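A short write-up of the structure that comes next.
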Amino acid sequence: MVILNYRSPYLRRILSTNKKKNDGTLTNIKLPNILPEIFQIVLRYIYGGKLSLEEYDISDIIKILVAANELSLQELISCLESFLIENKKNWIEQNIDLIYQTSFGNDSFLELQKYCTNLIIKEPNKIFNSPNFSSIPEKLLITLIQNHQMSEIQVWEHVIKWGFAQNPELSSDPTSFSKDDFNTLKKSIQKCIPLIKFRNLTSKEFLKKVKPYKKILPKELYDDLLEYFLDNDYDPNKKSESFAIKEIKLKNIDSKIITNQHVEIISKWIDRLEISDKLTSSYEFKLLYRDSEDSGGMSERINKFHKVCDNHSRTVTIFKVKDRNEILGGYNPIEWKSDISCGSTKDSFIFSFTNNENYLLSRVKNELYAILNCPHYGPSFGSDLYLKHNKVLCYKNYYEKLFKDNNDGSFILDFFEVFQL
Numbered sequence: 001m002v003i004l005n006y007r008s009p010y011l012r013r014i015l016s017t018n019k020k021k022n023d024g025t026l027t028n029i030k031l032p033n034i035l036p037e038i039f040q041i042v043l044r045y046i047y048g049g050k051l052s053l054e055e056y057d058i059s060d061i062i063k064i065l066v067a068a069n070e071l072s073l074q075e076l077i078s079c080l081e082s083f084l085i086e087n088k089k090n091w092i093e094q095n096i097d098l099i100y101q102t103s104f105g106n107d108s109f110l111e112l113q114k115y116c117t118n119l120i121i122k123e124p125n126k127i128f129n130s131p132n133f134s135s136i137p138e139k140l141l142i143t144l145i146q147n148h149q150m151s152e153i154q155v156w157e158h159v160i161k162w163g164f165a166q167n168p169e170l171s172s173d174p175t176s177f178s179k180d181d182f183n184t185l186k187k188s189i190q191k192c193i194p195l196i197k198f199r200n201l202t203s204k205e206f207l208k209k210v211k212p213y214k215k216i217l218p219k220e221l222y223d224d225l226l227e228y229f230l231d232n233d234y235d236p237n238k239k240s241e242s243f244a245i246k247e248i249k250l251k252n253i254d255s256k257i258i259t260n261q262h263v264e265i266i267s268k269w270i271d272r273l274e275i276s277d278k279l280t281s282s283y284e285f286k287l288l289y290r291d292s293e294d295s296g297g298m299s300e301r302i303n304k305f306h307k308v309c310d311n312h313s314r315t316v317t318i319f320k321v322k323d324r325n326e327i328l329g330g331y332n333p334i335e336w337k338s339d340i341s342c343g344s345t346k347d348s349f350i351f352s353f354t355n356n357e358n359y360l361l362s363r364v365k366n367e368l369y370a371i372l373n374c375p376h377y378g379p380s381f382g383s384d385l386y387l388k389h390n391k392v393l394c395y396k397n398y399y400e401k402l403f404k405d406n407n408d409g410s411f412i413l414d415f416f417e418v419f420q421l
């Protein structure tokens, strides 16, 4: 009893609250999530302090890792993580779906989370080409698309392949699809379609690979792509610019902070264009959430932000601060969360506008910590631009530039808006 109490905080808690039978013995302790043979391995470690990992299959090591987490054996967790990362890299790459779901299932496997994130950013093609690619979760697929190094047609083919794998009842021939079949496939991959750069395809690739699936694409997108690929006189720069200007004029932004001029500049930053360049794509900034002092205390306002904006990707946040003619903001291409984690992306950036004329752009330089997800904070771009209590805080950590010159790096929040592209 002393050893169990000392080695495992979980068992210490259970044993201290467990009722005894009339004869003084403890009632049975149930551990429904741990297999008996795995518990025997963990129990030997608890008493003996040693574990010969080479003796076990990797699948068993994963089960031991999950059991160690349930029993709060942090020392064993660290040991298992190090063993997998140092000795089983090839296996991790081939089974990234299992490792991803295991490591991000809770906040205990931080080293595995970091390894997975690095792998996704540096070598996304290995996951695309993994034999278990079709079983990866949707969130991992989206992250891969955002960080891929493949041709765009290969990305499209992998997305279609993944969509079919989620719906094995569908025929592999889209010409035989019913309306319901197209809707089923569309529902599976609808979050991926906005991330694919269709204009990077050749006309032949569009005709042979995309056109058969035209019914899963938004009509406006398909019509624009059809004209782009089939019109020999089509001028991409001219067309894109006029299309963007038309969109901006027709759909004035619903904002109390920024104007259409700001929208155009931010859109160019999203496409990694210079301000003097012509727009190559058009974005509608749809108001997702507008904060105000009338919404309640700051805790309530931040809770409302997470309730409305969590699980939404491709968002632009705009902060209005008090007593300064200045606008602060940032672009987050991935989803907001409330799980106390870091979101990884190479495409986020933060910015400021002063007097509606001067601006400063700062792109992320450390992708692993691009976005900070915390239920007690508002929109947070790393620890470089984030909302805490009623203050917008600005520091230089994971982004390129420090664009605040005040002494403590903080400003009093007036209100903020979040737009989804």
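Anchor point for the sequence shown: position 280 equals 280 in the UniProt record's numbering, and the numbering is continuous, going up by one each time. Here a beta-carbon is modelled for each residue, glycine too, at the ideal position from N, C-alpha and C. Please read these numbers as outputs of a predicted model, since none were measured by experiment.
Query, Result
"For ILE245, three-class secondary structure by DSSP", "Its pLDDT being 36, under 50, ILE245 is placed unreliably by the model, and the measurement read from it follows with that caveat. Looking at ILE245 - three-state DSSP - the assignment turns out to be helix."
"Range covered by the alpha helix (DSSP H) that runs through GLU54", "From DSSP, GLU54 is part of no alpha helix (DSSP H); its letter is neither H nor E."
"LEU250, DSSP secondary structure in three states", "Since pLDDT at LEU250 reaches only 36, below the 50 mark, its modelled position is unreliable, and the value read off the structure follows with that caveat. In this structure, LEU250 counts as helix in the three-state DSSP scheme."
"Distance between LEU421 and HIS312 (C-alpha atoms, nearest Å)", "10 Å"
"In chain order, each alpha helix (DSSP H) run of at least 4 residues that lies wholly inside the region 59–116", "74–87, 89–94, 96–103"
"Local Cβ density within 10 Å of ILE275, reported as buried at 16 or more and exposed below that", "exposed"
"Short Cβ contact (8 Å threshold) for LYS114 with LEU372", "no"
"Close beta carbons around PHE104, own chain, < 7 Å, minus the five adjacent residues each side", "GLN113"
"DSSP state of CYS394 mapped onto helix, strand, coil", "strand"
"Pairwise C-alpha distance: THR345 and ASN397", "15 Å"
"Neighbourhood of LYS209 by C-beta, 7 Å cutoff - its chain only, sequence neighbours within 5 removed", "ILE153, TRP156, GLU157"
"DSSP-derived helix/strand/coil call for SER240", "Residue placement at SER240 is poorly supported in this model, since its pLDDT is 42, which falls under 50; the coordinates still yield a value, given next. SER240 falls in the helix class under three-state DSSP."
"ASP384 vs ILE350 beta-carbon contact at 8 Å", "yes"
"Distance CB(PHE305)-CB(PRO379) smaller than 8 Å", "yes"
"Which listed residue (ASP277, GLN74, PHE39) has its alpha carbon closest to that of TYR6", "GLN74"
"Member of ALA68, GLN190, GLU54, CYS192 whose CA lies at the smallest distance from the CA of ASN33", "ALA68"
"Where the beta strand (DSSP E) through ASN260 begins and ends", "Where ASN260 is concerned, there is no enclosing beta strand (DSSP E), although the alpha helix (DSSP H) it sits in stretches over 260–270."
"Reduced DSSP category for PRO174 - H, G, I as helix; E, B as strand; rest coil", "helix"
"Inter-stretch contact (C-beta, 8 Å, three-pair minimum) for the region 120–137 and the region 171–182", "no"
"Cα-Cα separation, ASN390 to LEU328", "14 Å"
"C-alpha distance - residue 450 paired with LEU226, whole-angstrom precision", "Missing from the structure shown is residue 450; the chain here goes from 1 to 421 and no further."
"Residues that PHE229 bridges to, as DSSP identifies them", "Per DSSP, none; premise fails for PHE229."
"Neighbour-count burial assignment, VAL2, 16 or more Cβ in a 10 Å radius", "exposed"
"Straight-line gap, GLU37 to ARG44 (C-alpha atoms, nearest Å)", "11 Å"
"Assigned secondary structure, LEU328 (DSSP; H/G/I helix, E/B strand, else coil)", "strand"
"Selected residue, minimal CA-CA separation from residue 445, among ASN129, PRO137, LEU287", "Outside the shown range of the chain (1 to 421) lies residue 445, about which nothing can therefore be said."
"Residue range of the unbroken beta strand (DSSP E) whose run includes CYS309", "Premise fails: CYS309 lies in the alpha helix (DSSP H), 298–309, not in any beta strand (DSSP E)."
"Chain-order list of residues whose beta-carbon lies under 7 Å from that of LYS12 (same chain, five-residue window excluded)", "For the record, residue 12 in the displayed sequence is Arg; it is not Lys. Contacts found: ASN5."
"DSSP bridge partner residues for LYS187 (one or two, in chain order)", "LYS187 pairs with nothing; no bridge assigned."
"Residue from LEU98, GLN40, CYS192, PHE164 with nearest C-alpha to THR143", "CYS192"
"Spatial distance of CYS116 from LEU15 (CA atoms)", "36 Å"
"Reference residue 437, options ASN147, LEU185, TYR359, closest by Cα", "Nothing can be reported for residue 437: it is not among the residues displayed for the chain, which extend from 1 to 421."
"Cβ pair LYS320, ILE257 closer than 8 Å", "yes"
"Nearest-angstrom Cα separation, counted from GLU220 out to LYS214", "11 Å"
"Through-space distance from ASP254 to ASP97, alpha-carbon basis", "40 Å"
"Assigned secondary structure, GLN420 (DSSP; H/G/I helix, E/B strand, else coil)", "strand"
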